[in-house]
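Just below is one structure, and these are the notes that go with it.
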Amino acid sequence: MPELPEVEVVRRGLAGHVVGRIIESAELRGARVARRHLPGPADLAARIAGTHVESARRRGKYLWLVLASPDGERQALLAHLGMSGQLLVEEPGAPDEKHLHARFLFADGGTELRFVDQRTFGGLALSELTDELVPDAIAHIAADPLEPAFDQALVVRRMKARDSAVKRALLDQTLVSGVGNIYADEALWRAQIHGERLCSALTRPALSRLLDHARDVMLEALGQGGTSFDALYVNVNGASGYFDRSLHAYGQEGRPCARCGTLIRREAFMNRSSYSCPRCQPRPRARGAGN
DNA sequence: CTTTTCTCCTGTATGC
DNA sequence: TGCATACAGGAGAAAA
Numbered sequence: 022m023p024e025l026p027e028v029e030v031v032r033r034g035l036a037g038h039v040v041g042r043i044i045e046s047a048e049l050r051g052a053r054v055a056r057r058h059l060p061g062p063a064d065l066a067a068r069i070a071g072t073h074v075e076s077a078r079r080r081g082k083y084l085w086l087v088l089a090s091p092d093g094e095r096q097a098l099l100a101h102l103g104m105s106g107q108l109l110v111e112e113p114g115a116p117d118e119k120h121l122h123a124r125f126l127f128a129d130g131g132t133e134l135r136f137v138d139q140r141t142f143g144g145l146a147l148s149e150l151t152d153e154l155v156p157d158a159i160a161h162i163a164a165d166p167l168e169p170a171f172d173q174a175l176v177v178r179r180m181k182a183r184d185s186a187v188k189r190a191l192l193d194q195t196l197v198s199g200v201g202n203i204y205a206d207e208a209l210w211r212a213q214i215h216g217e218r219l220c221s222a223l224t225r226p227a228l229s230r231l232l233d234h235a236r237d238v239m240l241e242a243l244g245q246g247g248t249s250f251d252a253l254y255v256n257v258n259g260a261s262g263y264f265d266r267s268l269h270a271y272g273q274e275g276r277p278c279a280r281c282g283t284l285i286r287r288e289a290f291m292n293r294s295s296y297s298c299p300r301c302q303p304r305p306r307a308r309g310a311g312n
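In our numbering, the protein residues as written are 22 to 312.
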């Protein structure tokens, strides 16, 4: 489940293996991989042929290559990995993966770039760039906690004004980007807050501490190459990270809390699973009409 | 406008 | 063994 740290690992791989090279051609298989590119896959392939890869960038869980045409025009090749997307750098002629959706060949004849995605929640698109080299297509996505532009005081104010559950806010990419289910649960565990507590019921310092924990846990995960539970999330060379060994809440149902020893519970929330410590993260009191 | 629910997809695990 | 069902869940459309 690629979240910010996993996507950043991939971005670094692209920076090391793809930036500076010239794309010779692209092959897109099926309509779904480029469904967000409205002119279609053939248009995408035609537009990036012959471009120079200037940089690899990221905001939250989005990743893009800044491509420059010979005439100097810039555009973004925007990628989202979804649940199971992979960007892999491979030797030419390596066997096609079962879920290979796109292949990029380079003018130097060296390694190729592939987009492989089992569940196809991910995809590729072309987008215009702002002056800050952010794709127009993700202008609605908020800054992530690792960006210099991240304004934590602003995010705290916006959270405080919400009447929704704090975990829902953490997962809202228009509020703060990059946090998914794993790191939301880890940040909440560290902050000792139950995810169903209302934003508006938490103090500003508590909300700020929660964001600090979200940034900290994602930085620590990045230092270990990200979190992997299986072969679905890998870096550009196909290797897995090992932060899963350091998780305290996510996926730990029935295991003792590292702080107090109480067994971690799993609860349904937003049609997903949430993991927390019943003792360190007590549920909010039931609310409703008449009480 | 804000907030919540639904939908997309396929491999793996579990139940009968 | 075989078949059905649950689950994983990011993001955007649709609904409330």
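C-beta atoms are modelled at their ideal positions from N, C-alpha and C, and glycine is treated no differently. The structure presented is a predicted model; accordingly, all values stated were derived computationally and were not measured.
query: Excluding the 5 residues preceding and the 5 following residue 261 in the sequence, name in chain order all residues of the same chain whose CB lies nearer than 6 Å to its CB.; result: 249 and 255
query: By Cβ distance below 6 Å, which residues in the same chain neighbour residue 53 in space, the five residues on each side in sequence not counted?; result: 141
query: Rounded to whole angstroms, what's the CA-CA distance from residue 192 to residue 92? Just pull it up for me.; result: 40 Å
query: Is the number of C-beta pairs between the region 113-133 and the region 169-186 that are closer than 8 Å three or more?; result: no
query: Put residue 178 into one of helix, strand or coil per three-state DSSP.; result: helix
query: Give every residue of the same chain whose Cβ lies closer than 6 Å to the Cβ of residue 232, excluding the five residues on either side of it in the sequence, and list them in chain order.; result: 173
query: Using the C-alpha atoms, what's the distance from residue 87 back to residue 295?; result: 36 Å
query: Mind checking residue 154: buried by the 16 CB within 10 Å criterion, or exposed?; result: exposed
query: By alpha-carbon positions, which one of 189, 45 and 43 ends up nearest to residue 292?; result: 189
query: To the nearest angstrom, report how far apart residue 76 and residue 306 are at their CA atoms.; result: 49 Å
query: If the criterion is Cβ atoms closer than 8 Å, does the pair residue 277 and residue 284 meet it?; result: yes
query: Check for me: the beta strand (DSSP E) holding residue 31 runs from which residue to which?; result: Not the beta strand (DSSP E): residue 31 falls in the alpha helix (DSSP H), residues 25-38.
query: Considering just the uninterrupted stretch of the alpha helix (DSSP H) at residue 118, what are its terminal residues?; result: No alpha helix (DSSP H) contains residue 118, which DSSP labels as neither H nor E.
query: Within 10 angstroms of its Cβ, does residue 266 collect 16 or more other Cβ (buried), or is it exposed?; result: exposed
query: Alpha carbon to alpha carbon, how far is residue 210 from residue 182?; result: 23 Å
query: What first and last residue would you give for the alpha helix (DSSP H) that runs through residue 212?; result: 202-212
query: Any idea which residues DSSP pairs residue 83 with across the strands?; result: 80 and 101
query: Which of the three DSSP states, helix, strand or coil, is assigned to residue 168?; result: coil
query: Just to confirm my understanding: we take residue 146, look at its own chain, exclude 5 residues before and 5 after, and list those with CB closer than 7 Å. What are they?; result: 55, 57, 58, 99 and 158
query: Which of the three DSSP states is assigned to residue 48 in this structure?; result: strand
query: Let me confirm a value: residue 281 is counted as buried when at least 16 other C-beta atoms fall within 10 Å, else exposed. Which label applies?; result: exposed
query: Classify residue 245 as helix, strand or coil using the three-state DSSP reduction.; result: coil
query: Kindly indicate which residue of 79, 72 and 28 has the alpha-carbon position closest to the one of residue 107.; result: 28
query: Give me whichever residues DSSP pairs with residue 156 in a beta bridge.; result: 150
query: To which residues of the same chain is residue 300 closer than 6 Å at the C-beta, ignoring the five residues directly before and after it?; result: 281 and 283
query: Once DSSP output is grouped into helix, strand and coil, what is the label at residue 68?; result: helix
query: What would DSSP say about residue 4, mapped onto helix, strand or coil?; result: Residue 4 cannot be examined here, being either before or after the span of the chain that is shown, 22 to 312.
query: Going by DSSP, what residue range makes up the alpha helix (DSSP H) through residue 191?; result: 187-192
query: Using the Cβ count rule (16 or more neighbours within 10 Å means buried), how would you classify residue 18?; result: Since the first residue shown for the chain is 22 and the last is 312, residue 18 is missing from the structure and cannot be characterised.
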